[in-house]
Amino acid sequence: MGSSSCFRYHLGAVAAVIFWGLSFIAAKYAMRELPPFVLATVRFLIASAIFMVIIAVRGWHILPEPQERIPVLFLGFLGVTLLFALQYSGIYLTSSAQASALVGAAPIFIALLSVWLLGEQIPIRTLAGIIVAFAGMTVVISHGSLAGFRSGTNLIGSSMILLNSLSWALFSVLGKKYSFRYHPMQLTGYVSIAGTILLLPLGVVQAIFLPVPFHLSLGTWCAVLFLSVFCSVLGYWLWYEALAHVKASTIGVYLYGEQAVTFAFAPLLIGEKLGYALLFGTALIILGIVIVARRDI
2 MGSSSCFRYH
12 LGAVAAVIFW
22 GLSFIAAKYA
32 MRELPPFVLA
42 TVRFLIASAI
52 FMVIIAVRGW
62 HILPEPQERI
72 PVLFLGFLGV
82 TLLFALQYSG
92 IYLTSSAQAS
102 ALVGAAPIFI
112 ALLSVWLLGE
122 QIPIRTLAGI
132 IVAFAGMTVV
142 ISHGSLAGFR
152 SGTNLIGSSM
162 ILLNSLSWAL
172 FSVLGKKYSF
182 RYHPMQLTGY
192 VSIAGTILLL
202 PLGVVQAIFL
212 PVPFHLSLGT
222 WCAVLFLSVF
232 CSVLGYWLWY
242 EALAHVKAST
252 IGVYLYGEQA
262 VTFAFAPLLI
272 GEKLGYALLF
282 GTALIILGIV
292 IVARRDI
């Protein structure tokens, strides 16, 4: 592979991480007008429509194999319905930066679930990384003082984000079984469509009981389309293209920049303030993840 071609895939991976880092900010902005479940529903209705076109154009089967439809539906529940119901509710109650920091802890939950579900051993190095990461989560949630734990809204929102990370970890562990049977974009499309079907009732009910503007502002529509097109579809396409041509261990390093993107742009775009506790706690989380990721070295 030529250096220019290789650079293109690295650039695509970086672009995907930038999209995902900005997604927390876009969601927080859009929730000025749209409640969490409604936002998630609109995002994935648009994304699923695009995935249906991709599936049709590529000549893939419209539906998964009959024996795999229930498992894919369950993956859709974990990876879309539950994941974004929790994530957006958490972002609504906290901040985009705090949510990004806690979502970044998902690899820690993946390591724990691998021990529980797959029977993997837990080396001392991995255990040390998990402890460091959990210390970082505690600092982020508490804002560096015990008073942070006494804020009901902050505690509930942070708990939702952590449950969101657990949902993603469970989705990642269980999804490995099907990742070898389908093209990554095909499986992502199936999961997106299945999750949207299950998410739709939540969005409709919330739209009935909470005020939703009949006409959304241009800014909100831009945020929603960014989440749908760039984060749910284009981001994953760029990421999977990079994984197909560059070592996963090399590309995976870029994911550590997701929180940096959120932290860099949240103050500029939506006026969020970053405290020292958030920055220090996030650094501990990333350090813990690095220790866990290097457990086999």
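Going by the working numbering, the sequence shown opens with residue 2, and the numbers climb by one from there. For glycine and all other residues, C-beta sits at the position ideal for the given N, C-alpha and C.
| What is the C-beta distance between Ala195 and Val73, in whole angstroms, given that I count them as a contact (C-beta under 8 angstroms)? | Taking the first residue of the sequence shown as 1, we reach residue 195 at position 194. Taking the first residue of the sequence shown as 1, we reach residue 73 at position 72. Sure, about 6 angstroms apart at Cβ, within 8 angstroms.
| field | Residue from Ala278, Leu163, Pro37, Phe281 whose Cα sits closest to the Cα of Trp203 | value | Start at 1 with the first residue of the sequence shown, and residue 203 comes out as number 202. The sequence as given places Leu at residue 203; Trp does not occur at that position. Minimum Cα distance to Leu203 is reached at Pro37.
| task | Taking only the alpha-carbon atoms, compute the straight-line gap between Leu285 and Asn165 and give it to the nearest angstrom. | result | Residue 285 sits at position 284 when you count from the first residue of the sequence shown. Residue 165 sits at position 164 when you count from the first residue of the sequence shown. Cα-Cα distance, rounded: 20 angstroms.
| Roughly how many whole angstroms lie between the Cα atoms of Ile47 and Ala134? | For the purposes of this step, residue 47 is identified with residue 46 of the sequence shown, where counting begins at 1. For the purposes of this step, residue 134 is identified with residue 133 of the sequence shown, where counting begins at 1. The C-alpha of Ile47 lies about 35 angstroms from the C-alpha of Ala134.
| query | If you draw a straight line from the C-alpha of His62 to the C-alpha of Ile56, how long is it? | reply | What you label residue 62 is simply residue 61 of the sequence shown in a count that begins at 1. What you label residue 56 is simply residue 55 of the sequence shown in a count that begins at 1. Computed Cα separation, rounded: 7 angstroms.
| Is it the case that the Cβ atoms of Ala31 and Thr221 are separated by a distance below 8 angstroms? | Indexing the sequence shown from 1 puts residue 31 at position 30. Indexing the sequence shown from 1 puts residue 221 at position 220. Taking 8 angstroms as the Cβ cut-off, Ala31 and Thr221 qualify as a contacting pair.
| Among Val230, Val104, Ala17, which has the Cα closest to the Cα of Val54? | The residue labelled residue 54 in the question sits at position 53 within the sequence shown. The shortest Cα separation from Val54 among Val230, Val104, Ala17 belongs to Val230.
| query | For Gly158, which of Val43, Thr95, His184, Leu270 has the nearest alpha-carbon? | reply | In the sequence shown, counting from the first residue as 1, residue 158 sits at position 157. Comparing Cα positions, the closest option is Thr95.
| message | Is it buried or exposed, Cys232, if we count other Cβ atoms within 10 angstroms and call 16 or more buried? | response | As a working mapping, residue 232 is identified with position 231 in the sequence shown. With 16 or more other Cβ atoms within 10 Å, it is buried.
| In three-state DSSP terms, what is Arg33? | Numbered from 1 along the sequence shown, position 32 holds the residue referred to as residue 33. Arg33 falls in the coil class under three-state DSSP.
| query | Given that a residue counts as buried once 16 or more other Cβ atoms are within 10 Å of its Cβ, and exposed if not, what is Gln68? | reply | For the purposes of this step, residue 68 is taken as residue 67 along the sequence shown, with counting starting at 1. In the assembly as shown, Gln68 is an exposed residue. Its beta-carbon has fewer than 16 other beta-carbons within 10 Å.
| query | CB Thr251 to CB Phe25, shorter than 8 angstroms? | reply | In the sequence shown, residue 251 corresponds to position 250, counting from 1. In the sequence shown, residue 25 corresponds to position 24, counting from 1. Taking a C-beta distance under 8 angstroms as the contact criterion, Thr251 and Phe25 do not qualify as a contact pair.
| message | Please identify the residue among Ile125, Tyr237, Arg9, Gly22 whose C-alpha is closest to the C-alpha of Ala265. | response | To locate residue 265, count along the sequence shown from 1; it is residue 264. Closest option to Ala265, Cα to Cα, is Gly22.
| query | So, helix, strand or coil for Tyr237, using DSSP? | reply | Translated into the one-based positions of the sequence shown, residue 237 becomes position 236. Reduced to three states, the DSSP call for Tyr237 is helix.
| Reduced DSSP secondary structure (H/G/I, E/B, other) of Trp169 | As a first step, residue 169 must be located in the sequence shown, where it is residue number 168. When DSSP states are grouped into helix, strand and coil, Trp169 belongs to the helix group.
| Helix, strand or coil at Gly276 according to DSSP, with G and I counted as helix | Counted from its first residue, the sequence shown places residue 276 at position 275. Of the three classes helix, strand and coil, the one that applies to Gly276 here is coil, per DSSP.
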